[in-house]
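In the working numbering, the protein residues as written are 7 to 290. Note that the Cβ used here is the ideal one computed from N, Cα and C, for glycine as well.
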């Protein structure tokens, strides 16, 4: 048996978030029997209408979970939207034979999508990329509501609980307390505040004449050293390196093997020996 579900005010939370929340809260919950019937129709018959009804009946749970992430300065509507994506993924993967309710199974998927959204949008620079850093991010964020800087004992307690090094806890704590800064000064910044922007104190050395001259000297010196080292090789070794590395149309091992009437493996050995001699002469 299924239940008829009224249309949602908006498929996704838009400008009128209050109306959306009121609408999803008015959708009846499914009984265990109704949920199993819908889940079996989706799982065994790929019934998309059953999937739609399961999603609609659980939208209120997404709202409840999304509200617990309100302290990140991100739009509540966006958090709900991402949570809805997680809910739909959970419904798609839900197996009615697992013996659990959909809401218990979907919590992981809903939170995973919300976490991804927060990590992508909380700061310009990503603060957490590895699995351990993500665990640290959300655990330390919850503790920061109650604590200032963590004491040494608290750092080690968090590290032991999450199975990470104490230095990783301190590093994540430092990232959490940092703030994004625009590279260029604001359009309305005065002369005094403008010089505090990174654009004024982070120098670009790419076009520094002294550095360009140094790089040109290094290039000339390297080229001269290479030619000198090549002149120190025997004719055959020098020809092999030139044909294999310096010619526009590079020769193969078999081409050179035919030229010198030896095996391709012998050419490879000569090439390797010549490269080692060349490296030794250049580094000397």
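Between residue i and the rest of its own chain, which residues show a CB-CB distance below 7 Å, the 5 nearest in sequence each way excluded?
| i | result |
| --- | --- |
| residue 95 | 115 |
| residue 86 | 19, 68, 69 and 72 |
| residue 228 | none |
| residue 262 | 246, 249 and 273 |
| residue 171 | 165 |
Skipping 5 residues on each side, what residues in its chain have a beta carbon closer than 6 Å to that of residue i?
| i | result |
| --- | --- |
| residue 258 | none |
| residue 67 | 109 |
| residue 60 | 44 and 97 |
| residue 153 | Only weak support exists for where residue 153 lies, its pLDDT of 49 falling under 50; the value from the coordinates is given anyway. Excluding residues within five positions, none has a Cβ falling inside 6 Å. |
Straight-line CA distance for residue i to residue j?
| i | j | result |
| --- | --- | --- |
| residue 237 | residue 268 | 23 Å |
| residue 273 | residue 265 | 10 Å |
| residue 252 | residue 217 | 28 Å |
| residue 106 | residue 121 | 24 Å |
| residue 64 | residue 125 | 25 Å |
| residue 103 | residue 33 | 25 Å |
| residue 223 | residue 275 | 34 Å |
| residue 55 | residue 47 | 9 Å |
| residue 119 | residue 80 | 14 Å |
| residue 133 | residue 174 | Bear in mind that the predicted position of residue 133 carries a pLDDT of just 48, short of 50, making it unreliable; the figure below should be weighed with that in mind. For residue 133 and residue 174, the distance between alpha carbons rounds to 12 Å. |
| residue 38 | residue 100 | 14 Å |
Among the candidates the options, whose CA atom is the shortest distance from the CA of residue i?
| i | options | result |
| --- | --- | --- |
| residue 280 | 239, 31 and 110 | 239 |
| residue 93 | 170, 104 and 111 | 111 |
| residue 90 | 27, 34, 44 and 36 | 27 |
| residue 49 | 165, 98 and 158 | 98 |
| residue 117 | 126, 88 and 103 | 88 |
| residue 234 | 215, 289, 42 and 255 | 289 |
| residue 286 | 241, 271, 242 and 232 | 232 |
Could you please give the first and the last residue of the uninterrupted alpha helix (DSSP H) stretch that includes residue i?
| i | result |
| --- | --- |
| residue 169 | Residue 169 -> no alpha helix (DSSP H), and no H or E assigned at all. |
| residue 115 | 108 to 127 |
Leaving out five residues before and five after residue i in sequence, what residues of the same chain have Cβ atoms less than 8 Å from its Cβ?
| i | result |
| --- | --- |
| residue 248 | 236 |
| residue 82 | 19, 23, 72, 73 and 76 |
| residue 256 | 249 and 250 |
Step through the CB atoms of chain B and report whether any lies within less than 7 Å of the CB of residue i.
| i | result |
| --- | --- |
| residue 251 | This model lacks chain B altogether; it includes just one protein chain. |
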